[in-house]
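K.L.:
Residue numbers (my numbering): -5 to 64.
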């Protein structure tokens, strides 16, 4: 569905840029944003409360919850 491109990109970046093995890259937390609705969907546990608060302070709307593309 709508998260396929972001999921493939995030797993690939985790492998190539962050030195994770394939299992770590697949298990890592994910986020998704698309043009509409203008909401950043983030898997629970992916970012800290401090980061979430900072993003909200900058005007981002966050939906922190369930899994994506699993």
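Idealized CB from N, CA, C, for every residue including glycine.
1. Give the secondary structure of residue 35 by DSSP, where H, G and I count as helix, E and B as strand, and everything else as coil.
2. Taking the continuous alpha helix (DSSP H) assigned at residue 7, which residues delimit it?
3. Which residue comes first and which comes last in the beta strand (DSSP E) that contains residue 58?
4. Is the region 49 to 62 touching the region 28 to 35, taking contact as three or more C-beta pairs under 8 Å?
5. Look at the alpha carbon of residue 18 and the alpha carbon of residue 53, and state the distance between them as a whole number of angstroms.
6. Just to confirm, is the Cβ distance from residue 0 to residue 22 under 8 Å?
7. When DSSP labels each residue in this structure, what does residue 72 get in the three-state scheme?
P.N.:
So, from the data block:
1. strand
2. -2 to 10
3. For residue 58, the enclosing beta strand (DSSP E) begins and ends at 56 to 59.
4. Yes, they touch.
5. 31 Å
6. no
7. Lying outside -5 to 64, the shown extent of the chain, residue 72 is not represented and no answer is given.
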